[in-house]
Amino acid sequence: LTGCGDPDEEAGEQDVDPDEVEEKLDEDVLIVAQGADAPTLDPQAENDQPSSRITEQIFETLLDQDENMEVQPGLAKDWEVIDDTTYKFELREGVKFHNGEELTADDIKFTYQRLLDEDTASPGAFILDMVDADNIEIIDDYTFELPLHEPFAPIEFHLAHSVTGILNEDAVNEHGDDFGQNPVGTGPFKFSDWDVGDRVYLERFDDHWRGKAGVRELHFRNVEEDTNRTIELETGGADIIYDVSPTDLDRVEEAEELNLMREDDLSTEYVGFNMEVEPFDDKRVRQAINYALTMEPVVENVYYGLGQPARGPLAPAVYGAHEDLEGYEHDLDKAKELLADAGYEDGFEVELWTNEQQQREDIAEIVQGQLSQIGIDVDISVREWGAYLEETAQGEHEMFVLGWVSVTGDADYGLYSVFHSDEHGAAGNRTFLANEEVDELLEKGREAFDEEERLEYYREVQEIITEEAPWVFTHVGEQAVGMRDYVENFTINPAGHHSLFDITLSK
Amino acid sequence: MHKYIFKRLLQLIPVLIGVVFIVFTITYITPGDPATILLGEQAPEEQVKQLRRQMGLHLPFGAQFFNYLSDVLQGDLGYSLTSGRPVTVEILERFPNTFILSTGAVILAVLIGIPVGIISATRQYSKIDNISMLGALLGVSLPNFWQGMMAILLFSVWLPIFPSSGFDTWQHAVLPIVTLGTSSAALITRMTRSSMLEVLRQDYIRTARAKGLDERTVVIKHALKNALIPVITVIGLQFGFLLGGAVLTERIFSIAGLGRLIVDSIREQNFTVVQGGVLFIAVIFSLVNLLVDILYAYLDPRIKAQYK
Amino acid sequence: MSEKLLEVKDLSIHYVTEDGRVKACDGVNFWLNKGETLGLVGETGAGKTTTALGIMNLVPDPPGVVENGEVYFQEENLLEKKEAQLKKIRGNLISMIFQDPMTSLNPVITIGEQIAEGIQLHQNLNSSDAMEKAKEMLEVVGLPKSRANDYPHQFSGGMKQRVVIAIALACNPSLLIADEPTTALDVTIQAQVLEVMKDLVEEFETSMLMITHDLGIVADACDKVAIMYTGKIVEFTDKKTLFTSPKHPYTKGLFGSIPSLDDDEDRLNPIKGLMPEPTELPEGCPFNPRCPKAIDVCKEVHPEEVITNEGENSEHRVLCHMFDSRYEHKFTDSTVKS
Amino acid sequence: MTETKTKKDPSLADQNQQKQKEQVGRSQWAEAWRRLKKNKSAMVGLFLIALLFLSALTADFIAPHDYAAQNYDSITEPPSSEFPLGTDHLGRCILSRIIYGTRLSIQVGFIAIAISLISGSLLGAMAGYFGNLADNIIMRLVDVILAIPPILLAIAIVSAIGPSLTNLFIAVGIGFIPQFARIVRGSVLSLKEEEFVEAAQALGASNKRLIVKHILPNALAPIIVQATLGVAMAILSAAGLSFIGLGAQPPDPEWGSMLSDGMRFIRDAWWISTFPGLAIATTILGLNLFGDGLRDALDPRLKD
Amino acid sequence: MADKLLEVNGLKRYFNTKEGQLHAVDNIHFSINKGETLGLVGESGCGKSTTGRLVLRLIPPTDGEIKFEGQDIKKFDKKAIHKFRRDAQIVFQDPFSSLNPRMNVKNIISEPFEIHNIRENTKTRVSELMDLVGLSSRLLNAYPHELDGGRRQRVGIARALALNPKFIVLDEPVSSLDVSIQAQILNLLDDLQDELDLTYLFIAHDLSVVKHISDKVAVMYVGKMVEMTDYSAIFKNPKHPYTKALISAIPIPSIEVEQRRIILEGDVPSPVNPGKGCRFYSRCFERKDICKEQEPELNHVEGHGLVACHNV
Ligand SMILES: Nc1ncnc2c1ncn2[C@@H]1O[C@H](COP(=O)(O)OP(=O)(O)OP(=O)(O)O)[C@@H](O)[C@H]1O
Ligand SMILES: Nc1ncnc2c1ncn2[C@@H]1O[C@H](COP(=O)(O)OP(=O)(O)OP(=O)(O)O)[C@@H](O)[C@H]1O
Ligand SMILES: [Mg+2]
Ligand SMILES: [Mg+2]
């Protein structure tokens, strides 16, 4: 069992006193546990949270976002807008890849071209859809111009997204198909080993441009069961755990040697209507359901107080979220009235779909329970994920429970795909909302370079969406990170992939 | 004997082709499209189509199946849709864990099950018999994942003796092996007992007793070998079952095993891994069965005589 | 009169089952001298095997219970002995050949080993010496030494039976109990096996209790005969007396049931009816429902053993009211005629 | 028979006729039942199964609450007089859910086994009776099913046809086909050689009659035993599938999904998963006890 | 010459086994006259039951001709077979396995009527049959496991008689029974034959039983017929050495006759791929060189019958 250790480690140990190594190991190793393994560490090959949380440590993006989701310099130390569709970037000098090569503008071009190349078949390609990578103009090693196909105001957010992490051309070519198992980036930690399905081993990259990270080694463990993750934290099998189970929040909070950090995230859960089928083509019905549902029980019973009831389509942490939206109050009489207006005084029967995910199933059950009070008879159907996505994309559904994460932390990402009529189906708009006003406002938002103007468009569109009620906004997510009390300087990031550069351990 | 083994190996071929066919069909009719999965939900239609063509997914079922089958026959199980790595590599990476887990569980089960079964049978209806039979019944009655969770609460939380997840050191292996082993042990105990009872009724046991042999010799030398055949069948089936069926235990204890790989792949619609994984387990399972049959021959010369 | 090697006194063994109590062996008395062969004859279920197991103290418990009686072997009561002592006797001083050669050999152990096992145990030999001895025993029963490493399924029925005999005689026992040793065999093979047995018993001076249902075998191989019916010995005497002047109606009925090779009888003269259910034996004499001579007293009173012919070299015991002085007179001439 | 002289065998004048008259005509089933009745643990098993059926039938009357009613005022409450086994995270009465759940468990167990029993027996009977090619093809097919671990097979099937209760039955059922096919084939192979089958053949009986009247009824005992034990295993597999989210549809109170859903509360609210777990264990215990007893009762070798 | 009910010529039946071709029945001839009994004896595995099955067309012969009432049964069409199944019946050796344990006596005995679509008066017919074989009517609802061997065998016989057959194969019908019961059944079979004008093929390994019931006796040895003659001749004056040994081996329940046994060497040889030469060669006490090389023909011996031996 122990034999599957790292060969390098053995080699390295030879000239050091083993006892010392033991000690050092113990002190300088940070173990993070999350609920899934990363399928690959090629940032372009996956677009999922477990992978991003690791690739975030290995790769860096041109721009960065701080804990308030505001854009900060990343590998680019400066940038300017030349015109609507052209940006000029200036890179930091002396940034080293883990293989020793220095970062140049060529690497940026290579990275973006690879991401957009059809052969790469990257699930994250759409993030840079608007970028014309082939025509990136390299001015010198540290300066280049980035052309866009069309004006795209939120581009900075996109350039900070983890799929755009900068790769080294030589390393990619060297490892070919195995790059995902041998990632090479510029980040503060470099890849060292991987027990697939179990643990990823990272080591501090001593030549990082910001200096040395706080810990010598960083391990990401895969502990799927929520309860077990907490147990691992309690028993010292992990120093930090992500996604503390709602039921364990109190336990972690109250334990003396453990700390809990909570932070709103960028996700919104919703119950959507298929607006192309009866009776949900009638706004009154959608509104009635909105009035009939109260989401306090969801937060309370499903998430144990983690997160809050949603009052609009965007999580408050998202740039551009409308903070003053009131949503719908809980008013059964009004709901019944609206239903009667729409001709459904006796209610109706409806199928509510969800995928097999505990919280969504619970939400479905709560919705079922609450809607029975206004005579709507809900039949829950739990679908397998693939089938669920496919069938909801094709509009075979009536009502469904789903969520959306504004991964870039910007309103455009949080609204365009799910509410624009160009995005019907698989692209994200599974309610089939088609509202010209909404479309227009969303398009304007993309092109408005004036912050105030842009925010105004989004305010307006969020109000319309609330009024149109394609969704019942159920829940805004909150992430909870548990850690041992000796873990210091952890900063939590709303996007979920936290930078671990600063962390030190004071055991 | 060699000829027999060879013949059996030959007979495996149609079975395995059948397995390939069934798994392939199941994954084929499963809704969800590998290309979409690979590219993510937000990928543009064009790109998806392109990829489908590239993967040969536009072909009719028969053609796809034969393409796959001919690849398999050449030892190529394809590439994982999520990680892009060869399926064979992914499987072989996971297999040692699963193997240690199931072998450990089977060994534990045999070490408990056979002696307890023998004692129960030789003292039929005694207190020991009743207690062990009740234990065995409970062992098969309690869902495995529940037992696993209880084991974690008991031995990782309340009495922190063993780690609750991961699979790095021998300590990690203890709880999952015990969890899996107990239910198998329960089965083996029951089988051993009934098989022993049956054998102890036989005339040759009476003959052995009439020779004046002491009871130990009668039970161990004369009865056990005869009673072992059905027990070995159960052990073989159990082992095969554990290889692919330890999914729940692997999940509870966060062990990167084969069963979990396949289940995760099913959920991610990572079809190539599902197909390869199931095929791999089927091969191992069939080999275990063959091994069991060969073991029969060593236990029972009559069976050996039939293997031609 | 030579010494009694075995004497069974008032042995009763019952099987307690759900359906009731089977008195498989019920007050059995007989004895056997050194060097003699006693034939124990009876139909299926009469209790022959049970009696034999009783002597070996191997009655399966449960359901069997030894209710009563003594079994004297070399003047010691076996039923009072401890299991450890019995183990020294079993297979050593007393051996038993079981009914079915097909099932009484362990299919997964070589026959050499099965013979050697007992030798090793009782004669304190090491395993290779014991195996040597086992091979000799094989030759004694007419099988080549080389087959010691074969398994039972490689032998024919007759050969297996010879192996069983070799096992039984391996330690040169004083008493051999042979439970229908040839019933499962073909006639010509039966003749071979019987011949081997007779020779060996003579050679080793072994006394034998031969259980059978075939009066032909008794005529061939035995010195004494005990006829058993529903757990009781109904007639016990020497062979000659039995064949020349059988007394019990059941014994006579048996003779009448056997087709003769010499005469051309048109119809056989069988005992009427069937053996009663072992759990529901009739009142009085258990044979009374089938007995051509039964009178009222037979239906009411249990017969007691009557010893006649005491003058000769053997006793002649009969379990029948007809010979009991108390009831003799009640049997009129008309009923006695048969 | 045209002309028959009545010739009564005198042996028939049986003395204990009276006693025998009561017994005569007791089929082997009746005989087995009589033996079963004497087996204490089998009767305990039967009692537990009866309890199961009873609560399934009378759920509407005996359940204290609606199984789906959510009470936000009493979330995850420990056992109390109002909720004898406590409530779950949506404030639903666990006792009521368990009581209603018997219906589903019975369905899962019995329907899944019915599926595998019917198809397995049919396949096994055909393989055994016709032999040769049919035997080879069918048994290889069975080997194929057997070679795929049942839980993977079930997951694959459920993923392919969608997770619903019916599909769960089918998925679990298919996994059990090999067991029945093998048992039935084995019995048929040996029964085929029995003299009573040959006797019927000598009378001119058709293949159909031979299978239906002579072979299958005699193969029934091991099938029934396997079925009782199979029901237990099916309930367990269904619970396992529920654990990975492939079970019943909420809010259906299927025990396996109650148990697995409650698992995340195990440290704070043990009652949510423990009681369904006990319900499963008790049911399976009952079925196993009964099945074991039945095996003993039906096995003629154990008669003496 | 009397009517030949059954005539068998050159009958062969080989089985393919793992070890090779098993000559279960190898070129035998015999015939049975109407109303007579042919006794067929031989050691276990010599092909007696196979012969019985062949003549009833329960298994097809490898070669040879079987004529029933002068007609080749191989050529029977479906209808003729159905008729044949009424005329020819079988009673098996083992009364425990030859009755379906799930059917009661009534069902067993009435099954032939069901199969042959005889619907009228089945009830009376069944009770007549039970009377005939001496079964009490209170056993009508009994199941086989409730009956003892003798009664079971009577049920088997009743079933065989149900369709008024002309011919019955009795495949060791008494060998598993106790002597007293055996005698009762033998008497019954005798009576039935007289009463119903039945023809029997009586298979047994017990010569005294065969002698008691048969008109003619045929002796088989490893698939071959070695001798066939009148029942008295075979006992008084056996010609084939195997027959001699067989007869001498019977234990005679009498102390008056001093038996002189012929003890044969070795075991019955395997019927798989028998070589050339006489099959009895290995055990024969009168063997000659020719016996090893050449298989003896079944020849007619004047005033005796058929014998297959080079010495005769
Ligand atoms: N283990 C047992 N349990 C219950 N009853 C038994 C047992 N063994 C024998 N019996 C019954 O005891 C009676 C005598 O049986 P036993 O075997 O001694 O007869 P047997 O004379 O040897 O018969 P056979 O000639 O068939 O061997 C029978 O009625 C039998 O059913
Ligand atoms: N279906 C079969 N397949 C292969 N071999 C067979 C088959 N039936 C019979 N045999 C073989 O044919 C030979 C003759 O068998 P058969 O049953 O006719 O013997 P038998 O004289 O009736 O013997 P027994 O006295 O033991 O009943 C035996 O060696 C037997 O093993
Ligand atoms: Mg006996
Ligand atoms: Mg036969």
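Residue numbers (the working numbering), protein chains in the order written: chain E, 1 to 507; chain A, 508 to 815; chain D, 816 to 1153; chain P, 1154 to 1457; chain C, 1458 to 1769. All C-beta atoms, glycine included, are put in the ideal place defined by N, C-alpha and C. Just so it is clear, the structure is predicted and the values come from calculations on it, not from any experiment.
Same chain only: Cβ atoms within 6 Å of residue i, ignoring 5 sequence neighbours per side
i, result
"glutamate 349 of chain E", "Asp377"
"asparagine 1371 of chain P", "Leu1344"
"glutamate 1629 of chain C", "Gln1550, Ile1660 and Ala1661"
"tyrosine 830 of chain D", "Val837, Ala839, Pro878 and Gly879"
"aspartate 129 of chain E", "none"
Interface flag, residue i vs chain D, CB-CB below 8 Å
i, result
"isoleucine 1707 of chain C", "yes"
"glycine 719 of chain A", "yes"
Cβ-Cβ separation, residue j to residue i (assumed contact under 8 Å), whole Å
i, j, result
"glycine 386 of chain E", "glutamate 276 of chain E", "With a Cβ gap of about 22 Å, glycine 386 of chain E and glutamate 276 of chain E do not count as contacting."
"valine 163 of chain E", "serine 122 of chain E", "7 Å"
"alanine 1765 of chain C", "lysine 1681 of chain C", "7 Å"
Separation of residue j from residue i, as counted between CA atoms
i, j, result
"aspartate 331 of chain E", "serine 1249 of chain P", "30 Å"
"phenylalanine 1146 of chain D", "glycine 1046 of chain D", "25 Å"
"glutamate 1743 of chain C", "isoleucine 1660 of chain C", "27 Å"
"arginine 697 of chain A", "aspartate 800 of chain A", "21 Å"
"phenylalanine 126 of chain E", "valine 579 of chain A", "34 Å"
"alanine 238 of chain E", "proline 246 of chain E", "18 Å"
"glutamine 368 of chain E", "isoleucine 1314 of chain P", "24 Å"
"isoleucine 503 of chain E", "asparagine 489 of chain E", "5 Å"
Beta-carbon neighbours of residue i, restricted to chain G and to distances below 9 Å
i, result
"aspartate 710 of chain A", "Included in the structure are the protein chains E, A, D, P and C, with no chain G among them."
Short CB-CB distance (under 8 Å) between residue i and chain P
i, result
"threonine 537 of chain A", "yes"
"glycine 525 of chain A", "yes"
"serine 245 of chain E", "yes"
Below-8 Å beta-carbon distance, residue i vs any chain C residue
i, result
"leucine 953 of chain D", "no"
"leucine 1257 of chain P", "no"
Below-8 Å beta-carbon distance, residue i vs any chain A residue
i, result
"lysine 24 of chain E", "Because the pLDDT of lysine 24 of chain E is 45, which lies under 50, any placement of that residue in the model is unreliable, and the question is left without a value."
"leucine 936 of chain D", "yes"
Contacts around residue i, its chain only, beta-carbon distance under 8 Å, and the 5 residues preceding and following it disregarded
i, result
"isoleucine 791 of chain A", "Gly747 and Leu750"
"asparagine 883 of chain D", "Asp825, Leu826, Ser827 and Gly842"
Segments assigned beta strand (DSSP E), at least 3 residues, entirely inside the region 367–425 of chain E
377–383 and 399–405
**Message:** Threshold first: 4 residues or longer. Then list the alpha helix (DSSP H) segments lying entirely within the region 1465–1505 of chain C, N to C.
**Reply:** none
**OP:** For the region 135–182 of chain E, list the beta strand (DSSP E) runs that are entirely contained and at least 3 residues long, ordered along the chain.
**Re:** 137–140 and 143–147
query: At which residue ranges does the region 953–1030 of chain D contain complete alpha helix (DSSP H) runs of 4 or more residues, listed in the order of the chain?
result: 972–984 and 1002–1019
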